[in-house]
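Asks:
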Amino acid sequence: MHTPHAARQDWATFEKAAPAVITALRALGQAVDASGLEKPLTELIKLRASQLNGCAFCLQFHLNLARKLGLAPAKIDLVHVWEEVDLFTPRERAALAWTDALTRMGEAPPSDAVYAQLQAQFSASEIAFLSSAIAAINAWNRLAGGLRFAPPIPAERLADGAQG
Numbered sequence: 002m003h004t005p006h007a008a009r010q011d012w013a014t015f016e017k018a019a020p021a022v023i024t025a026l027r028a029l030g031q032a033v034d035a036s037g038l039e040k041p042l043t044e045l046i047k048l049r050a051s052q053l054n055g056c057a058f059c060l061q062f063h064l065n066l067a068r069k070l071g072l073a074p075a076k077i078d079l080v081h082v083w084e085e086v087d088l089f090t091p092r093e094r095a096a097l098a099w100t101d102a103l104t105r106m107g108e109a110p111p112s113d114a115v116y117a118q119l120q121a122q123f124s125a126s127e128i129a130f131l132s133s134a135i136a137a138i139n140a141w142n143r144l145a146g147g148l149r150f151a152p153p154i155p156a157e158r159l160a161d162g163a164q165g
């Protein structure tokens, strides 16, 4: 059985210690948001990368945002197994495949087939911003996951029996 780890640092301490890092990562996120990429799509890729990286803080943070955006609950529930279900659009599938490829590129370089699938669904500009969004969430995952920030579980979820 997995035993939860104690936080190494909390969000507020990190933000105080490295405000320029937070500012830079937020600016990257704002650039992606201003790019015209669909916000539900970028939340899906943030959920997926956070799952792959095992970052509880980022996963919960982006689950909260995805729910607020009204992302379909089935997509939220099944993003972890996106390849096994026909629920996702071709555009979402291409973005999720690219997320998997970039997040796992330490294991193997992204394939030409995955990139071709991406090009069939996204313009060159969209690919640049989508890749930047994936890079940003991977950076956040390494900070929040490595320092074990406590996940931001909403109070109503804690009341339903989740542990805080």
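All residue numbers for the sequence shown refer to this note's numbering, where the first residue is 2 and numbers rise by one. From the three backbone atoms N, C-alpha and C, an ideal C-beta is built for every residue, glycine too.
1) Looking at I138 and S36, is the spacing between their C-beta atoms short of 9 Å?
2) Is the number of C-beta pairs between the segment 10 to 26 and the segment 96 to 113 that are closer than 8 Å three or more?
3) What does the Cβ neighbour count give for K47, buried or exposed, with the cut at 16 atoms within 10 Å?
4) Output needed for L72: all residues of its chain with C-beta closer than 8 Å, excluding positions within five of it in sequence on either side, in chain order.
5) State the DSSP-derived secondary structure class of G30, mapped to helix, strand or coil.
6) Identify whether A7 lies in helix, strand or coil by the three-state DSSP scheme.
7) I need the boundaries of the alpha helix (DSSP H) containing P41, first residue and last residue.
8) Classify A156 as buried or exposed, calling it buried when 16 or more other Cβ atoms lie within 10 Å of its own Cβ.
9) Considering just the uninterrupted stretch of the alpha helix (DSSP H) at G146, what are its terminal residues?
Replies: Per the coordinate set shown:
1) no
2) no
3) buried
4) P41, E44, L45
5) helix
6) coil
7) 40 to 54
8) exposed
9) 125 to 147
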